[in-house]
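Participant: Protein chains in written order, with UniProt numbering: chain A, 1 to 1118; chain B, 1 to 336.
Glycine included, each C-beta is placed from N, C-alpha and C at the ideal position.
#1: If the criterion is Cβ atoms closer than 8 Å, does the pair residue 866/A and residue 841/A meet it?
#2: Taking the straight line between their C-alpha atoms, what separation do you get for residue 1074/A and residue 1092/A?
#3: Going by the CB atoms, is the gap between residue 706/A and residue 781/A shorter than 8 Å?
#4: Nearest to residue 875/A by CA position, among 863/A, 588/A, 895/A, 887/A, is which residue?
#5: Can you pull out the residues from the stretch 171 to 191 of chain B whose beta carbon lies closer than 9 Å to at least one beta carbon of chain A?
#6: By the three-class DSSP mapping on this structure, what secondary structure does residue 93/A have?
#7: What is the residue span of the alpha helix (DSSP H) that residue 272/A lies within?
#8: If we ignore side chains and look at the alpha-carbon of each, how far apart do residue 312/B and residue 900/A end up?
#9: Would you call the stretch 596 to 613 of chain A and the stretch 363 to 382 of chain A touching, i.e. three or more CB-CB distances under 8 Å?
#10: In or out: residue 685/A buried (at least 16 other Cβ within 10 Å) or exposed?
#11: What are the boundary residues of the alpha helix (DSSP H) that residue 254/B is part of?
#12: DSSP beta-bridge partners for residue 157/B?
#13: Which residue comes first and which comes last in the beta strand (DSSP E) that contains residue 101/B?
#14: Beta-carbon within less than 6 Å of residue 9/A's beta-carbon, same chain only, minus the 5 sequence neighbours each way: which residues are those?
#15: Name, going along the chain, the residues of the stretch 28 to 48 of chain B whose beta-carbon falls closer than 8 Å to a beta-carbon of chain A.
#16: If contact means a Cβ-Cβ distance below 8 Å, which residues of the stretch 983 to 1007 of chain A contact chain B?
#17: Give the straight-line distance between the Cα atoms of residue 1042/A and residue 1052/A, rounded to the nearest whole angstrom.
#18: If contacts are defined as beta-carbon pairs under 8 Å, then residue 595/A and residue 656/A qualify, I think. What distance do you get, rounded to the angstrom?
#19: Taking residue 59/B as the query, report the chain A residues whose CB atoms sit under 7 Å from its CB, ordered along the chain.
#20: Just to make sure I have the definition right: I need the residues of chain B whose C-beta is within less than 8 Å of the C-beta of residue 772/A. Which are they?
#21: Taking beta-carbon pairs under 9 Å, can you tell me which members of the stretch 233 to 255 of chain B lie near chain A?
#22: Tell me the residue span of the beta strand (DSSP E) that contains residue 436/A.
#23: Should residue 35/A be flagged as near chain B, meaning a C-beta pair shorter than 8 Å?
#24: Tell me, please, which residues DSSP counts as bridged to residue 862/A.
#25: May I ask you to report which of helix, strand or coil DSSP gives residue 132/A?
#26: Hey, could you find the ends of the beta strand (DSSP E) residue 1061/A is sitting in?
#27: What residues from chain A crowd round residue 213/B, counting only those whose CB sits closer than 8 Å?
#28: Using three-state DSSP, classify residue 824/A as helix, strand or coil.
#29: Find the residues of chain A that neighbour residue 54/B, judging by a C-beta separation of less than 7 Å, and give them in chain order.
#30: What residue ranges within the UniProt domain "RNA polymerase Rpb2" (451 to 514) of chain A form continuous beta strand (DSSP E) runs of no fewer than 3 residues, ordered along the chain?
#31: Ignore the nearest five residues each way along the sequence and tell me which others in residue 884/A's own chain have a CB closer than 8 Å to its CB.
#32: Return no unless some Cβ of chain A is closer than 8 Å to the Cβ of residue 71/B.
#33: Beta-carbon within less than 6 Å of residue 44/A's beta-carbon, same chain only, minus the 5 sequence neighbours each way: which residues are those?
#34: If you drop the 5 nearest sequence neighbours on each side, which residues of the same chain put their C-beta closer than 8 Å to that of residue 1111/A?
#35: Could you say if the stretch 571 to 579 of chain A and the stretch 343 to 359 of chain A meet the contact criterion of at least three C-beta pairs nearer than 8 Å?
#36: Under a three-way DSSP split, which group does residue 411/A fall into?
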């Protein structure tokens, strides 16, 4: 901000108020690695990294897989995509100089446009027997993630961002599609290509399953199940379960002995459990490989058979094994041994679980999860769109080539240009609706994208770190919802919603990173070089030998090692030296006797300080260098001081929380304990003193706080925007607050709070406000509401118009409702709008259908279609914007502002999940005060404390008071923060009680209330304060009244005061009629009138519409 | 009763004194009167001609209302708008201040402060002795008064090309209507620092004396003897006051006006009790400083009686102040 020449790589500059030159106390200052980390990685780096990976690598991979377009008509036809790239975001239309202007995200937000960049390919084809190459052919536009490396904001400093109307604190990581900000939430899934062993105790099945997924998008699930001692292979493409021995024989292991060894090894108990399966095969008369394949082929589900004669069964079986079962295990030169070993491993895992039921896997273990990010989802979408595009292209080429006589030489390029833009539309449709329906990949997902919540800065930030689960919300299982010990440091333990999505929606912790794919081939090479033996050269007894460990890479079985610890140590050494990508994880599983290496994308990992020989490798000198800006976080990685550790590796490590806890076996040291919390939970002061549900409530509530939203908040035109007039940074900060920039965009005010009882209007969490405080600006906020008018052009050549208001007859003045309009038909900014005032005086043609090209434009008849102000309370015109949209229609946005002051019933909250509504507003002279004349802004009832146990709030009150007296901001960082003892000392120094306590001096009719609004459908009172609703008398309250026997009160609350309705019902047929007439019996004889709730009447009618007849049986109808 | 006042410290905007020989009820009434019933002048209506600052009109209007204006002898030198014969405000019931600032310096931001406010002179005064009773610089922001040595109050910041042109109408009012009319900032009040009367119970963990620091006023009184018996007949009669004002009135004036205000209200009460047979007794001219309650709530008091309460209605925007003329016609902003 200060000079505009900021160098973001220079660490010597303060990062969000934290100067690296802050004085050091001890190595405790290792927490400075955190700002260094966030500076490199940022809060939403996972989204941006994933998108960058998609744009830089995946895009090309997808193109290469589908690069060739052939023709069924002309076999010599040649058309090739040779390269693909994404340009910079430029406007969709070229300007008069045929230039495309760069566009900024904020322009797109205002213009309801899509922030996208052209997608360009290089093509190569043959025309007139000449090879023609064309570069930069635009095939569509791709929405660009904000702050990704294709975004104009990437690497911009504060002053550059200011020029682009962008907020430097905005994290980016979302898209702007048709003017709305859309986030692709992180999706949580079970990891692919890994064996999961489970026991279904109800059906007494032990099953090992694996979901195979390869880059070509094929997915299939293979099971090895054990039931009543028999083991079978199960797969969708087989019509019945395949006995395991037959399966293995079909995979090329002929000898029973070999099968036994591969599956059970030399362990006697396993062999015993396995042997019945050998009989199973001979009972089926299957002895040889050929027989097994025949047997298998007969049970393959008949697939779409193309032309040609039916192939023999064994061929069918073989093809299925090669192509469909366990697709992720590669088959080279028809050598199925890798698959055989894989199936055998699965079998062995089943046998192990059979022997010891503890050896099952936990689906909910975070190490078994993968997170799917925007990049992966977009890659799938693009693959689908690109394939569709290519096949459409092929059809178009065939059509032209099929023509018998062509006038000119066929140029595929021109055909391409005439092809519309299905890719652009596909991207926009998917992101703006959130529906990922890709038939090609059998994917049908809704609600993938969400509108970025701009309620407050923290709500936007919280949304970017959110993870949604694929589990069904309705299922009443506790496992996936429970807190997992393995989520330590990776997922925030506090931040999850209440209710149905509880535990399924999670949030990332502060210092996490999500990996992207790392290439496997070099890894295999390194593994081999480190002395791992090829698994295919080993027999079963060797694989399961007492000292041998199987090495897995991304779930694939690679080889054997007899020195697992040495191998892992060497591997880690290479990684720490930077020879292997830092995000490759390795760990030993002693139960399975395996070494697992993971390089796949979607793993959560976090940095830890490496400890060797009881010494953390990061020393004070390093921290000094960091402070001086001579080292960056990357250097710590490259020098092998800090490393990324994924969940599996973390659980194979011995991590010390503090330096004092380091033991001889310690491998790592935490950088800072408070990083187990996420960005939202990090705002709570002293959360480690609170009852845990309170922190969870606060995480939900902190997002609703009104305050500042972004530096560009006054340039934005949002549908609804709430701003606090005087936001204040909290007196009691946390380090997280400074790191996320919440002190720069705060949502809340520091109030003087008295915790005491006052007046009885403070029961049930209600609070008392000081009227003078309100009048001086406490809790004052502004509401901005957007109103849009589109000036349409109609197909018949007519268009909407804006007109100046005209006087009626001989009147001197304009009618009142037109007074605020200017000559252009739009309201003047700054004017007050009263209810029913016109602020956009639009007129539309009466006839938009008939072709009016022949009609004189002056003769077109118009009808008024103005925008009128509907709200009951007057507002002010804040801004009027006129622009045009992407499809060339004029767009008028009018922002209307209201200023609101706190009133009875408004909700206020502290930062500890303690909300309350205003129960009474008291004049200052009636408020309690201390001997210095200080009186509170609000009074909170002490009954809110004992049951909620929010001790953190009490400490916050103490630290806040001490901070005010001393003139400092205090810290309430989790597991740290200003100490209560120090705070008490400050209080004593300033003549107050150490406990924060103070000696304060203290200074309806029987008519019915006016009825509130009703919902249209049910005629019941509306719900919620915003709709002026009533308070629900719910089931439990009803139970109280039933229990008490207050029948008349029940009747009044549930019917008379709610939705009382008179119906006529027929005593003969029991159906409802009208006006004393039964349309069913065609009679008015036995009609009765009765009073029922309207909702009940509605229910009856809805039931009737579904062919269910509810009949009213009336007892003593008068 | 033998009232006695001992002044311990007296400054322009601060007075620390000990009041003795009165009962608790009187002392607290005195406190409440100083806080809420002393009329001052404050900006109550703002007409925006040009506002190209980043802050919205209501925002600036609210800030302007908070600025203390010199209100010396306001209770006699000015009329309440509701009591005045004029229709749209006259010099008797209104002080007009104007402000017109435009930033033309490139590359810098310029602050608009209370010092930019100027009193609009002129205007017809239809006689009225009130004008003669006003102190010097009446209605001017306190920051512009002679002898003021502090910072003026920031209203808004301007960058190049931004402009603010407004006309403010300052009116007489009391803090019961809006806190901006309160002359006092903090009002310290204490009695019985040793808690001899046991009007309160101190919470303590181990030692009451050690945990509760004594207030400075404890020096004025004898510490109670450990074995002193509790005198349950004792009444408080020594009250320690510390009056601080925002500068609109001097501390001395606040105290004196409060006393006379209380006196006249008591007199009204006594008068009305004596003449209670008269139904219109409440409609009195004896106590001009305190209009009858019914009239007050129906007239000015809409900041909390207005049912809707949302700030944008003319009466509640900025809590009873700072709304602009709905009949504005000039382009781009408000006009007169």
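Facilitator: Considering the structure as presented:
#1: Against a cut-off of 8 Å, the Cβ pair of residue 841/A and residue 866/A comes out as a contact.
#2: About 14 Å.
#3: Going by beta carbons, residue 781/A and residue 706/A fall inside the 8 Å limit.
#4: Among 863/A, 588/A, 895/A, 887/A, the Cα nearest to that of residue 875/A belongs to 895/A.
#5: Within the stretch 171 to 191 of chain B, the qualifying residues are 175, 176, 178, 179, 180, 182, 184, 185, 186, 187, 188, 189, 190, 191.
#6: Three-state DSSP puts residue 93/A in coil, outside helix and strand.
#7: Where residue 272/A is concerned, the enclosing alpha helix (DSSP H) stretches over 268 to 283.
#8: In this prediction, residue 312/B has a pLDDT of 34, which is less than 50 and means its spatial position is unreliable; what the coordinates show is noted afterwards. When rounded, the distance between both Cα atoms is 7 Å.
#9: Touching, yes, given that three or more Cβ pairs across the two stretches are closer than 8 Å.
#10: It counts as buried.
#11: Residue range 251 to 274 is occupied by the alpha helix (DSSP H) that includes residue 254/B.
#12: Answer by DSSP bridge pairing, in chain order: 111/B.
#13: Following the DSSP letters along the chain, one finds residue 101/B inside the beta strand (DSSP E) bounded by residues 94 to 102.
#14: Model confidence at residue 9/A stands at a pLDDT of 45, short of 50, so the residue's coordinates are unreliable and nothing is read from them.
#15: Of all residues in the stretch 28 to 48 of chain B, 28, 31, 32, 35, 36, 48 have a Cβ within less than 8 Å of some Cβ in chain A.
#16: When CB distances to chain B are screened at a threshold of 8 Å, the residues of the stretch 983 to 1007 of chain A falling below it are 988, 991, 992, 993, 994, 995, 997, 999, 1001, 1003, in chain order.
#17: Near 13 Å, if we compare the C-alpha coordinates of residue 1052/A and residue 1042/A.
#18: Not really, about 24 Å apart at Cβ, beyond 8 Å.
#19: Correct list: 725.
#20: Ordered by position in chain B, the residues that pass the 8 Å Cβ test against residue 772/A are 175, 179, 182.
#21: Residues 240, 242, 243, 244.
#22: Element bounds for residue 436/A: 436 to 438.
#23: Contact of residue 35/A with chain B is not assigned, every C-beta pair being separated by 8 Å or more.
#24: Under DSSP, residue 862/A forms a beta bridge with 845/A.
#25: The three-state reading of DSSP puts residue 132/A in strand, counting E and B together.
#26: Note, residue 1061/A: beta strand (DSSP E), 1060 to 1066.
#27: Those are 988, 991, 992, 993, listed as they occur along chain A.
#28: Reduced to three states, the DSSP call for residue 824/A is coil.
#29: Correct list: 714.
#30: As for any beta strand (DSSP E) of minimum length 3 sitting wholly inside the UniProt domain "RNA polymerase Rpb2" (451 to 514) of chain A, the runs are 466 to 469, ordered along the chain.
#31: Around residue 884/A: 111, 890, 891.
#32: Chain A contact via Cβ: absent.
#33: Contacts found: 171, 173, 464.
#34: For residue 1111/A, where only same-chain residues beyond five positions count, the Cβ hits under 8 Å are 1069, 1070, 1071.
#35: No, because fewer than three Cβ pairs between the stretch 571 to 579 of chain A and the stretch 343 to 359 of chain A fall closer than 8 Å, the two stretches do not touch.
#36: Here residue 411/A carries a coil assignment [DSSP, helix/strand/coil].
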